[in-house]
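Asks: Chains as they are written, first to last, in my numbering: chain A, 521 to 814; chain B, 521 to 814; chain C, 521 to 814; chain D, 521 to 814.
Every residue, glycine too, gets a C-beta built ideally from N, C-alpha and C.
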């Protein structure tokens, strides 16, 4: 397929590379042009503008937040103005349910198609084409995107014919991950202060009821206190929990655990953790217990 | 081995049966004698008293709470008075760290051995000899118990030479399970109120990052709203979270998520859920969202 | 003074009437024109448009939320376009810190003056000219507004020369009020379920350490379960707590008690309390305790 | 009246002195005898034992916690063994509802009378005979104690004929005070980080809706960051919130705000605040906001 790819950050670079490697005709665009070069060396074409990335069958956006997606979508030279009739905008960023609704309506108005397809997986999974893709859109639109999804992920879940549902599921998933981090943080602070071997404790958990990638990945980061990995920063985590809470408020669903996570992330950022991986909230329980100095 | 088994509830019955089936010489005791009959039919001997169950190499207690374990352990005709020198008391109940410390000291005083070996697994796992056993005690004592553990569980974790550490780990594990239940409850309330198919949502979770028994078991109960299973009742859940919080307070470890879980369990019990499985706290978010009537 | 008054709701009607009674030349404006009639009968002039209310020395806005204040301030025929150079816009609504910053800048750009002066007090206090006015603005600007403040309030606090500070203080004050409501709700649920006389309990509190208007007013509403007073609705309360949390997040200040209040207000609204006074969150503890049916 | 007084700590010393000054025949007892001397110099008699303090019409206990009250009440030479038939034990300590029930029953069994009369007020109020006394007991028993209460307090509230109700009310009152501290802590952290003058802010609050002793006293301590006053230490505060939560759990009343306060107090104690006044929890929000270093 002929596809544009906008946003070559930690996640996007690997995804665009996998599309190129799978034989798709990829045109990449990034605000900081330097990031395009490695992709060009692997066969992609560098777009000169957002409009230039919108000439194919589809354009993918993989950007940091709502503001970035709005910037490239609306206004002069934006995606909605530039994309051909019947072409598809595939939004793979973790954006708000509200913006997803706005994009669904705007593309329909412009005679274009819109698919929301946020992903689960950290940068290493993006590079290895091992992402889980949560796709929302009409059956036809999702089918049309399948060759692209296959090149980037290990599995695609067609969750709903309404694109914003995929965003809500993605946000709820990040809430579940952060819940795991918080619960492990409290449990490790508890057994750690009792003098129990933390690594042995984690092994016990992950070889029994908690035998899942999420416990292994985050549990390992917590026990090793490896928080400067550049995987997923605290401000991005705060953004996602805020978006989940905001969608929940609109739906009138109170989520006290999500509220706790929001407070933890603000605390982390306010006390020197702005550049750390969001997993570092797991240390706050240990800090409040006087186990780890601030 | 010659072993006594005190406490034939949902969990204990299956465990005692597996010991018998494995060829151990088992003497069972239960306050309500009727529960001993099925075991006797399978080859166990019915004890006439607690003292009568303490004549072998070891005696196992599997009871509902601290009060029950204290009752059979201390005082006239209790385990400490009745057990032979060098024989082992294996406490497999989920009891407090405090009581475990008290038993460790009392048995040492009496020239007896004490092993703490609480388990992870619900009644079906107990019946199928698939329990995970968390064992605390000296290496020699744990080695002596191994034939019994093998008959009851799928794996034994030797976590510490201090028996109370095993209890703390067990309590922390139940805290982690309850955290999963709460997080799933909030997430399902959110996507459910948005009109997304809950079973499909759970499938997505458990086939990706949350591919662990704990998400499958509890997620299934939540989506099906099956809370009258008699697996693990709300008051028992409240007891365990209370014991975890109490141990944490003594160690000076604040656990805000555990506090939230405690409030949820009290709410569940206060609003008609006393007889339900503790998984029913997952419905409170949906009730607070007006999705499910109280 | 010649002053325009935009927004004749529960609060604004009384305030505008007091301005008129004090001898000021008042021009009132309301989206629903019927509400202007009683004021006209008392000597005010009915404006034909927002612009028409901006012809004097000052214009006061007293509206429900940010959206309403934005609507009358910006755009064609709005306050910024219509107000004379050197004239003052006095924003008395409880709006966000963000919007207050935006208005401060916009009025400065237009050569106008901006004062932020949100109030404490319910409709009866507004009618009785007993409001507490929290005023932010330059000393000169605040001095210019003083005759108006005197007509509407019992006391004016000049808190800062930056108008948005007054909004932050107002929001923090509403957070403190909601905290009182929540704490009383929990305490009354506790002593109530123990069978203690609630009114006697409240008398004890308010004649000792808690001898303050906020405990008397809200405590009375709680004990009498009078929640359909039309004083301050749950959605308005939720809005204010959300604005406080949002300002706090921007400043990187975690506020766990505010998070709890937000969850309570969402629960209240989701479970049938949308039309009730926000004090009704005090009943949620009793409901969760099974004391009051949902 | 002839009255014994057991417990001459921060509070008890002043109370016993006021009884003596009012003309009562006071026999004092304290575990550390040195504290009796100043009272003897003012006319009290020093008891040689607890039994020796139980020879009059009544004996008052004012001790730190349940354990201390149990120690002097039960067992050989304790109050129950020593007090005459028809004499009154007036328990003024902040003890658990459970212990109060136990004492009510034990004294009734022994043909003695029991009154529970915990107090509101800090040591300065105790010294100035300005305590608020919350009294539970039969009308006759309360009437008999009135001359003593008049010598120690500014007002007595007869709240119930069941002594434990007075303890529940006292615990709920301390919960309300701690709620004020937490809410002020969060609010002051918010406006403080925004650069607003904290003292001015507190003045605004306490001269409007929050015009109550509790806001003035605790607000002043918070703004001045005066936490080493020896008024009421963090561990005592934690004890009271724990007792409130424990009574609430028994009554099946979830109290999420009390849970938050418990976590705050544990955090304070775990991070170096064990010797501080419990008001120091107000600094935790500012610390989590990065405003105050840990």
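Counting only beta-carbon separations shorter than 9 Å, does residue 776 of chain D have a partner in chain A?
Replies: Closer than 9 Å to some Cβ of chain A, the Cβ of residue 776 of chain D qualifies, so yes.
Asks: Cβ atoms of residue 617 of chain D and residue 691 of chain D: under 9 Å apart, would you say?
Replies: Yes, these two residues count as a Cβ contact at 9 Å.
Asks: Mapping the DSSP letters down to three states, classify residue 728 of chain B as helix, strand or coil.
Replies: In this structure, residue 728 of chain B counts as coil in the three-state DSSP scheme.
Asks: For residue 651 of chain C, which residues of its own chain have a beta-carbon under 8 Å away from its beta-carbon, when the five flanking residues on both sides are left out?
Replies: Excluding positions up to five away in sequence, the list reads 535, 639, 640, 641, 645, 672, 673 and 674.
Asks: Considering only the alpha carbon of each residue, which of D/605, D/732, D/693 and D/707 lies closest to residue 774 of chain C?
Replies: The shortest Cα separation from residue 774 of chain C among D/605, D/732, D/693 and D/707 belongs to D/707.
Asks: Identify which residue in A/733, A/547 and A/566 has its Cα closest to the Cα of residue 554 of chain A.
Replies: It is A/566.
Asks: Consider the Cβ of residue 716 of chain A: report whether some Cβ of chain B lies at a distance smaller than 9 Å.
Replies: Closer than 9 Å to some Cβ of chain B, the Cβ of residue 716 of chain A qualifies, so yes.
Asks: Could you name the residues of the same chain whose beta carbon sits closer than 6 Å to that of residue 751 of chain A, not counting the 5 residues immediately before and after it, in chain order?
Replies: 642 and 797, listed in sequence order.
Asks: Using three-state DSSP, classify residue 791 of chain D as helix, strand or coil.
Replies: The answer is helix: DSSP assigns residue 791 of chain D an H, G or I state.
Asks: According to DSSP, simplified to helix, strand and coil, what is residue 632 of chain D?
Replies: Coil at residue 632 of chain D, not helix or strand.
Asks: Any beta-carbon of chain B closer than 9 Å to the one on residue 680 of chain A?
Replies: Yes - at least one Cβ of chain B is within 9 Å of the one on residue 680 of chain A.
Asks: Under 7 Å Cβ to Cβ from residue 709 of chain B, same chain only, skipping five residues before and after it: list those, please.
Replies: Cβ within range, chain order: 805, 806, 809 and 811.
Asks: Taking only beta-carbon positions, decide if residue 809 of chain A is within less than 9 Å of chain D.
Replies: Chain D contact via Cβ: present.
Asks: Whole-angstrom Cβ separation of residue 654 of chain A and residue 677 of chain A, contact assumed at under 8 Å?
Replies: That belief holds up - the Cβ atoms of residue 654 of chain A and residue 677 of chain A are roughly 5 Å apart, short of 8 Å.
Asks: In this structure, does DSSP put residue 678 of chain C in helix, strand or coil?
Replies: Looking at residue 678 of chain C - three-state DSSP - the assignment turns out to be strand.
Asks: Could you name the residues of the region 788 to 799 of chain C whose beta carbon sits closer than 7 Å to any beta carbon of chain A, in the order they occur along the chain?
Replies: Under the 7 Å Cβ criterion, the region 788 to 799 of chain C contributes 789 and 790.
Asks: Apart from the five residues on each side of it in sequence, which residues of its chain come closer than 7 Å, Cβ to Cβ, to residue 759 of chain C?
Replies: Cβ neighbours of residue 759 of chain C beyond the five flanking positions: 585.
Asks: Where do the ends of the beta strand (DSSP E) carrying residue 609 of chain C lie?
Replies: Run containing residue 609 of chain C: 608 to 611, per the beta strand (DSSP E) assignment.
Asks: Give me the residue from A/703, A/791 and A/522 with the minimum Cα distance to residue 778 of chain A.
Replies: The candidate whose alpha carbon is nearest that of residue 778 of chain A is A/703.
Asks: Just to confirm my understanding: we take residue 634 of chain D, look at its own chain, exclude 5 residues before and 5 after, and list those with CB closer than 6 Å. What are they?
Replies: Once the five neighbours on either side are set aside, the close Cβ partners of residue 634 of chain D are 609, 623, 624, 627 and 683.
Asks: I'd like to confirm the pairing. Which residues does DSSP put opposite residue 693 of chain D in its beta bridges?
Replies: DSSP lists no partner for residue 693 of chain D.
Asks: Compute the Euclidean distance between the alpha carbons of residue 540 of chain B and residue 578 of chain B, then round it to the nearest angstrom.
Replies: Distance between the alpha carbons of residue 540 of chain B and residue 578 of chain B: 14 Å.
Asks: Short of 7 Å in beta carbon distance, which residues of its chain neighbour residue 630 of chain C, apart from the five on each side in sequence? Order them along the chain.
Replies: Result list for residue 630 of chain C: 600, in chain order.
Asks: For a contact defined as C-beta to C-beta under 9 Å, what are the partners of residue 685 of chain C on chain D?
Replies: Those within 9 Å of residue 685 of chain C in chain D are 711, 714, 715 and 716.
Asks: Whole angstroms is fine: what's the gap from residue 748 of chain C's alpha carbon to residue 803 of chain B's?
Replies: So the alpha carbons of these two residues sit roughly 29 Å apart.
Asks: DSSP state of residue 532 of chain C, grouped into three classes?
Replies: Residue state, collapsed to three classes: helix.
Asks: Tell me, which residues are paired with residue 877 of chain D by DSSP?
Replies: Because chain D is modelled from 521 through 814, residue 877 of chain D falls outside the range shown and cannot be assessed.
Asks: Taking the Cβ atom as the reference point for each residue, do residue 714 of chain D and residue 688 of chain C lie within a distance shorter than 9 Å?
Replies: Against a cut-off of 9 Å, the Cβ pair of residue 688 of chain C and residue 714 of chain D comes out as a contact.
Asks: Chain D partners of residue 731 of chain C, CB-CB under 7 Å?
Replies: Per Cβ cutoff of 7 Å: 732 and 733.
Asks: If you follow the beta strand (DSSP E) that residue 545 of chain D is part of, which residue opens it and which one closes it?
Replies: Residues 545 to 549.
Asks: Which chain D residues sit within Cβ distance under 7 Å of residue 769 of chain B?
Replies: 786, listed in chain order.
Asks: So what does DSSP say about residue 669 of chain C, is it helix, strand or coil?
Replies: The answer is helix: DSSP assigns residue 669 of chain C an H, G or I state.
Asks: I'd like the span of the beta strand (DSSP E) that includes residue 801 of chain A, first residue to last.
Replies: Counting along the chain, residue 801 of chain A falls outside any beta strand (DSSP E), and DSSP gives it neither H nor E.
Asks: Is there a Cβ of chain C sitting closer than 9 Å to that of residue 772 of chain D, yes or no?
Replies: Closer than 9 Å to some Cβ of chain C, the Cβ of residue 772 of chain D qualifies, so yes.
Asks: In the region 742 to 762 of chain A, which residues sit with their C-beta less than 7 Å from some C-beta in chain C, listed in chain order?
Replies: For the region 742 to 762 of chain A, which is checked against every Cβ of chain C, not one residue is closer than 7 Å.
Asks: Taking C-alpha atoms, which residue in B/739, B/693, B/636 and B/657 lies nearest to residue 725 of chain A?
Replies: If we check each option's Cα against that of residue 725 of chain A, B/693 comes out closest.
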